[in-house]
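Undergrad: Take a look at the following structure, please.
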Amino acid sequence: MKNKKKSLFIIVLFIMSMLMIPNSIFTTEFVFATSSTSANSTLIHPMSVDTSTYSFVRLSATKAQATVKGYSSGVTPFIKLKITLQSAPLNSSTYTNVSSVNSIEYEVYDVNFISKTSSFPVTADKNYRIKIEITDKVNGNQTTQTYYCKLS
676 MKNKKKSLFI IVLFIMSMLM IPNSIFTTEF VFATSSTSAN STLIHPMSVD TSTYSFVRLS
736 ATKAQATVKG YSSGVTPFIK LKITLQSAPL NSSTYTNVSS VNSIEYEVYD VNFISKTSSF
796 PVTADKNYRI KIEITDKVNG NQTTQTYYCK LS
C-alpha cells in the first residue's frame, strides 16, 4: 500500500509541476521561410502563401481541369499564380511545356487568398501535368514557389 501511495504522490507531483510551467514551452510554431541569395548575402524572409491545394483532373477525352488555391496567414500586397500545361510521351517522365497552349496567369492584390480554375486541351496519347508557380511579395521580397500536379 505504501508503494501505491508513493507512486500516486509522485504522479500528482509531476502533473502539478507540469501545470506550473508556462504553456509556451509546449507549443510548436511552424515558420514558413525560404532563402534568397543576393550578390553579397543570403536573406531569410517569411513566406506569405503558406498553404496551397491543387488538382488536375480529366473531364473528357479532350479536356482537363486545373484548380489551384493558395492561402496566406495574413494579407499580402501581391500574389501571382501561373499555371503551365506540360506533356511527356507515354513511356517517358521528361515533361516539356506545351507550346501550343498559353500559360494561365492571374494576380490578386492586398488579400490572403488566390484561386483559379482553368481548362486545358489534352489527348490520350501523352502524359500531362501542370506546373504551378505561386509568387508573393512580403516585406519587399518577392518569392516563387513551384509545384507539379499530374493529370488524374
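So the number in our numbering is just where the residue sits in the sequence shown, counting from 1, plus 675.
Glycine included, each C-beta is placed from N, C-alpha and C at the ideal position.
None of these values were measured; they are calculated from a predicted model.
1) Figure out for me which residue from T751, V773, I807 has the closest Cα to the Cα of A741.
2) In angstroms, rounded to a whole number, what distance separates the CA positions of D785 and K812?
3) One question on the structure: do V776 and F795 come within less than 8 Å of each other, judged by their Cβ atoms?
4) Residue range of the beta strand (DSSP E) that S794 falls in?
5) Return yes when the Cβ of I809 is within less than 8 Å of the Cβ of S727, no when it is not.
6) Cα separation between K791 and V783?
7) Under the assumption that T759 contacts S730 (Cβ atoms under 8 Å), give the Cβ distance between them as a whole number of angstroms.
8) What separation, rounded to the nearest whole angstrom, lies between the Cα atoms of A714 and I789?
9) Rounded to the nearest angstrom, what separates K738 and Q820 at their Cα positions?
10) My output table needs one value for T760: the three-state DSSP class, helix, strand or coil.
11) I'd like to confirm the pairing. Which residues does DSSP put opposite Y770 in its beta bridges?
12) Can you tell me which of N802, T769, G815 puts its alpha carbon nearest to the alpha carbon of K825?
13) How far does the beta strand (DSSP E) with T737 in it extend, from its first residue to its last?
14) Of the residues D725, Q817, Q761, I685, which one's Cα is nearest the Cα of K744?
15) Would you identify the three-state DSSP class for S747, choosing helix, strand or coil?
16) Mapping the DSSP letters down to three states, classify S775 as helix, strand or coil.
TA: Per the coordinate set shown:
1) I807
2) 10 Å
3) yes
4) 779 to 796
5) yes
6) 11 Å
7) Their Cβ separation, rounded to whole angstroms, is 16 Å, which puts T759 and S730 out of contact at 8 Å.
8) A caution first: A714 carries a pLDDT of 44, below 50, which makes its placement in the model unreliable, though a value can still be read off. A714 and I789: Cα-Cα distance of roughly 32 Å.
9) 26 Å
10) Correcting the residue type first, residue 760 is Leu in the shown sequence and not Thr. Of the three classes helix, strand and coil, the one that applies to L760 here is strand, per DSSP.
11) Beta-bridge pairing links Y770 to no other residue.
12) N802
13) Counting along the chain, T737 falls outside any beta strand (DSSP E), and DSSP gives it neither H nor E.
14) D725
15) strand
16) coil
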